[in-house]
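Residues 99 to 734, numbered by this note's numbering, are exactly what the sequence shown covers, in order.
Here a beta-carbon is modelled for each residue, glycine too, at the ideal position from N, C-alpha and C.
Predicted model only: the values in this text are computed from it and were never measured.
In what follows, a structure is listed as structure tokens, so that the remarks can point back to it.
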Amino acid sequence: MKHFLTFLCVMVLLPFYFGCGDSSVDNPVAPEPAVDITAAPLGNDVVFENMYASEATRLADKTPVQIVTVLEGTGRVTLNARFRGVRDLGYGFPLYECELLDEAAEAMGGIAKGMSGSPVGPPGRIMGALAYGEAFSKSPMRFLVTSIDAMEDAKSHQTFGDRREAAPAAPSANINAVYTPVKTPVMITGVLPHQLEKLNSLMKGARLDFIELFADVGGAPAAPDNPTRLAAGDMIGVAMARGDVVNAIGFGTVTQVYDDGTFVAFGHPMKGVGKTSLPVYRAVVNGIVPLYEASYKSASAYGNPIGTITKDLTPAIVGELGVLPPMIPVKLTYQIQNDPVVEKNHEVAYGQELFIPVVAAQSMNAIRQEKSPGTIDVSLSLSFKETDRVYTESLRDASPNPTGYVFGRTDSILYNFTDLFANKAGKATLAAVDINIKERPHLYIAEVHDVEMETDTVIAGSQHTFTVVLLPHYSVITGERTLKKEVTLDIPEGFAGEALLSIASSDPFGLITVGPFDTDPDESEREPQPQTLDQLIEQLESVRPMDPGIITITLTPQEDSSGITPETSISDLFDELREDFTQGEREQDTVLLEPIVKQIVIDGFVVGGDYSKDIFIHDLFEGTEPEAPQDAGNQN
Numbered sequence: 099m100k101h102f103l104t105f106l107c108v109m110v111l112l113p114f115y116f117g118c119g120d121s122s123v124d125n126p127v128a129p130e131p132a133v134d135i136t137a138a139p140l141g142n143d144v145v146f147e148n149m150y151a152s153e154a155t156r157l158a159d160k161t162p163v164q165i166v167t168v169l170e171g172t173g174r175v176t177l178n179a180r181f182r183g184v185r186d187l188g189y190g191f192p193l194y195e196c197e198l199l200d201e202a203a204e205a206m207g208g209i210a211k212g213m214s215g216s217p218v219g220p221p222g223r224i225m226g227a228l229a230y231g232e233a234f235s236k237s238p239m240r241f242l243v244t245s246i247d248a249m250e251d252a253k254s255h256q257t258f259g260d261r262r263e264a265a266p267a268a269p270s271a272n273i274n275a276v277y278t279p280v281k282t283p284v285m286i287t288g289v290l291p292h293q294l295e296k297l298n299s300l301m302k303g304a305r306l307d308f309i310e311l312f313a314d315v316g317g318a319p320a321a322p323d324n325p326t327r328l329a330a331g332d333m334i335g336v337a338m339a340r341g342d343v344v345n346a347i348g349f350g351t352v353t354q355v356y357d358d359g360t361f362v363a364f365g366h367p368m369k370g371v372g373k374t375s376l377p378v379y380r381a382v383v384n385g386i387v388p389l390y391e392a393s394y395k396s397a398s399a400y401g402n403p404i405g406t407i408t409k410d411l412t413p414a415i416v417g418e419l420g421v422l423p424p425m426i427p428v429k430l431t432y433q434i435q436n437d438p439v440v441e442k443n444h445e446v447a448y449g450q451e452l453f454i455p456v457v458a459a460q461s462m463n464a465i466r467q468e469k470s471p472g473t474i475d476v477s478l479s480l481s482f483k484e485t486d487r488v489y490t491e492s493l494r495d496a497s498p499n500p501t502g503y504v505f506g507r508t509d510s511i512l513y514n515f516t517d518l519f520a521n522k523a524g525k526a527t528l529a530a531v532d533i534n535i536k537e538r539p540h541l542y543i544a545e546v547h548d549v550e551m552e553t554d555t556v557i558a559g560s561q562h563t564f565t566v567v568l569l570p571h572y573s574v575i576t577g578e579r580t581l582k583k584e585v586t587l588d589i590p591e592g593f594a595g596e597a598l599l600s601i602a603s604s605d606p607f608g609l610i611t612v613g614p615f616d617t618d619p620d621e622s623e624r625e626p627q628p629q630t631l632d633q634l635i636e637q638l639e640s641v642r643p644m645d646p647g648i649i650t651i652t653l654t655p656q657e658d659s660s661g662i663t664p665e666t667s668i669s670d671l672f673d674e675l676r677e678d679f680t681q682g683e684r685e686q687d688t689v690l691l692e693p694i695v696k697q698i699v700i701d702g703f704v705v706g707g708d709y710s711k712d713i714f715i716h717d718l719f720e721g722t723e724p725e726a727p728q729d730a731g732n733q734n
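Pasting the structure below:
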């Protein structure tokens, strides 16, 4: 899905959202190297007083102001700027327009992603947070500041998530103004730069309107002293996923810290989801990376989490120090052939379940270390806090893109439980996710090719053995070019006549690769809607995809026992109907024969295609039978 309005917003007003990274540094508490800009360092004991809109809106044009931010290490500095006016852009609160005056800072890249949230105001004051800037901007660089009033309003704002957890209430007459945020750049480790385009394409959709991924690979340094202390202008990292391979952490700046342990930051939404629960880390900056479009801070999170982001709103994100959020444990095991099992462990924040497929796919990529095709068997188990029942689904695929398959299938399974619209049955809070992947380098795919008969004569009232012939991929051939599987059908009496023998795979159109989308059953066959989480699990278990190695053999009669065939003339048909009516025998004599259906499994394979063949079944009690028709096999 192409989000044109979002793209347009990016071009017009680029918010300098949190930068990227989890790159390692040797010692974040070592003395910071000298920064070659005219930036005044701030002591750790400097506290800023808020300047609210009633005072800030009266500032004269070109009034000097300062930006408080971190450019190197963890030390705060001030950059010179000036106030240029108040702007109303439809966000529901005013924005202050300012421009940067520090030429040396502009030479390093100027206003950069990661500076969002940096306090702005006259010396010693905070009138708001640096939040938005223009792409491809020339000197002097202009930027917009979210007022501290709007950010503090976010602290007391009741989110929809909070309201949903409370008892339903009558609708309110007040409607808050909203806007469409632009995409947020997020640093995600474990993803190589050449993989980003593919991963971004997989993650397109309404649930990721605000996310843009950047690649980084690195480790986390040791935590400094007093890790829970924050001050206005400090750099922080907000994690959506963390673990052995994937660390998705967004970076920005703290605007103000309050005596009750709460703080506001960023000056814009992170994803704009309202209620949230994300761990917060201290962060260290390794300079500004200059780019023509928009520079960004090279930042790394370090140490243990120091708090939780509890709200993600238009004016700001709101956090609380000293309180750590629960996380979803995600364990992935991977084994290729008979090699040792490799295990990777991660934690994903609640509300960020979309990163579970990212963890699965990218952990697999990191272990494989190549993009070669193969045959994978995946087992996914979901545990929930609301029930002891565990949902498990097994999948198999032979694909040129195993990463895309694992991402798509994992995402579609989780979607049934975690999406608010898809799951109407009952709250499903993930307690744990276990993903087991076994891979074979050969392509275990086969096409239905032919069917062989035990004898030329098939007799009703007896058993007959048919041999299904498959053509496997050449990479799995160890002897014969074809793969054969016998199946025996019990043919009842009265089944004599022409019949159609059909062989169909679970993928009859030969698509081979199992797609990430499930087909809804017919309206008439749909079961009642589940009313509890247990019922939802039971329903999803009943419609799980078939084993891709299943083959269905069907023997269908081409006429019923009334004797009507395609060769029956109109006059003969009327004579027979007249006789049945006069003698009253049609109801008792006419028996509609049901097709004979049997399934077999080609273990470990993904089977595609189908085949059909006309045969003639002889009546055991008739002495003379017509010759069987010539083989009219049809392979699709």
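Straight-line gap, residue i to residue j (C-alpha atoms, nearest Å)
i, j, result
"S470", "Q450", "30 angstroms"
"Y572", "S492", "26 angstroms"
"L718", "K711", "22 angstroms"
"A594", "I651", "18 angstroms"
"N345", "P427", "14 angstroms"
"Q561", "G472", "39 angstroms"
"S737", "M368", "Outside the displayed span of the chain (99 to 734) sits residue 737, for which this structure offers no information."
"V772", "S393", "Nothing can be reported for residue 772: it is not among the residues displayed for the chain, which extend from 99 to 734."
"A154", "E197", "16 angstroms"
"E361", "V175", "The question names Glu, but residue 361 is Phe in the sequence shown. About 19 angstroms."
"V440", "E204", "47 angstroms"
"V343", "S461", "6 angstroms"
"M225", "I407", "22 angstroms"
"P139", "G173", "7 angstroms"
"E418", "G208", "30 angstroms"
"M338", "Y400", "15 angstroms"
Given residue i as reference, the closest of the options once Cα atoms are compared
i, options, result
"L486", "T527, K409 and R327", "As written in the sequence, residue 486 is Asp, which differs from the Leu given in the question. Comparing Cα-Cα distances from D486 to each of T527, K409 and R327, the minimum goes to T527."
"K748", "I224, A203 and K395", "Since the first residue of the chain shown is 99 and the last is 734, residue 748 is not available in this structure."
"T431", "L478, G707, L599 and L581", "L478"
"G365", "V476, S237, E636 and I246", "I246"
"K442", "D357, D495, T353 and I535", "I535"
"L157", "G183, H547 and I698", "G183"
"T501", "T516, A523, E537 and V387", "E537"
"G141", "P423, A203 and G222", "G222"
"V574", "A252, H540, G592 and V546", "H540"
"L452", "M551, A496 and G506", "G506"
"A447", "P403, G420, I434 and A464", "P403"
"G420", "S461, A337 and T326", "T326"
"K583", "I165, I334, F564 and K525", "F564"
"D200", "Y189, R180, D186 and G188", "R180"
"L422", "G405, S640 and D548", "G405"
Three-state secondary structure (DSSP) of residue i
i, result
"D588", "strand"
"A158", "coil"
"S270", "Model confidence at S270 stands at a pLDDT of 34, short of 50, so the residue's coordinates are unreliable; what they give is reported in the following sentence. DSSP places S270 in coil when its eight states are reduced to three."
"P427", "strand"
"V289", "Reliability of the predicted coordinates at V289 is poor, the pLDDT of 49 falling under 50, and the value obtained from them is presented with this limitation in mind. Coil."
"K211", "strand"
"F191", "coil"
"I635", "helix"
"G117", "Note that G117 has pLDDT 35, beneath the 50 cutoff, so the model's placement of it is unreliable and no number is given."
"A330", "coil"
"V795", "Because the chain in this structure spans residues 99 to 734, residue 795 falls outside the shown range and cannot be described."
"G183", "strand"
"I735", "As shown, the chain starts at 99 and ends at 734. That puts residue 735 outside it, with no answer to give."
"M249", "helix"
"G359", "coil"
"F364", "coil"
"S604", "coil"
"M644", "coil"
"V110", "A caution first: V110 carries a pLDDT of 34, below 50, which makes its placement in the model unreliable, though a value can still be read off. Helix."
Just checking, does the stretch 441 to 458 make contact with the stretch 379 to 388 on the three C-beta pairs under 8 angstroms criterion? no
### Task
Write down every uninterrupted run of the alpha helix (DSSP H) in the stretch 391 to 479 whose length is 4 residues or greater and which is fully enclosed by it, in chain order.
453 to 466
Next item on the list: Mind listing, in chain order, the continuous alpha helix (DSSP H) runs of no fewer than 4 residues lying wholly within the stretch 493 to 523?
Entry: 500 to 516
Exercise. Are the stretch 216 to 227 and the stretch 346 to 360 in contact at 8 angstroms, needing three or more beta carbon pairs?
Worked result: yes
*Would you check if the stretch 539 to 553 and the stretch 693 to 706 touch, i.e. whether three or more CB-CB distances between them fall below 8 angstroms?*
yes
| On the three-pair Cβ rule with 8 angstroms, is the stretch 546 to 558 touching the stretch 504 to 514? | No, the stretch 546 to 558 is not in contact with the stretch 504 to 514.
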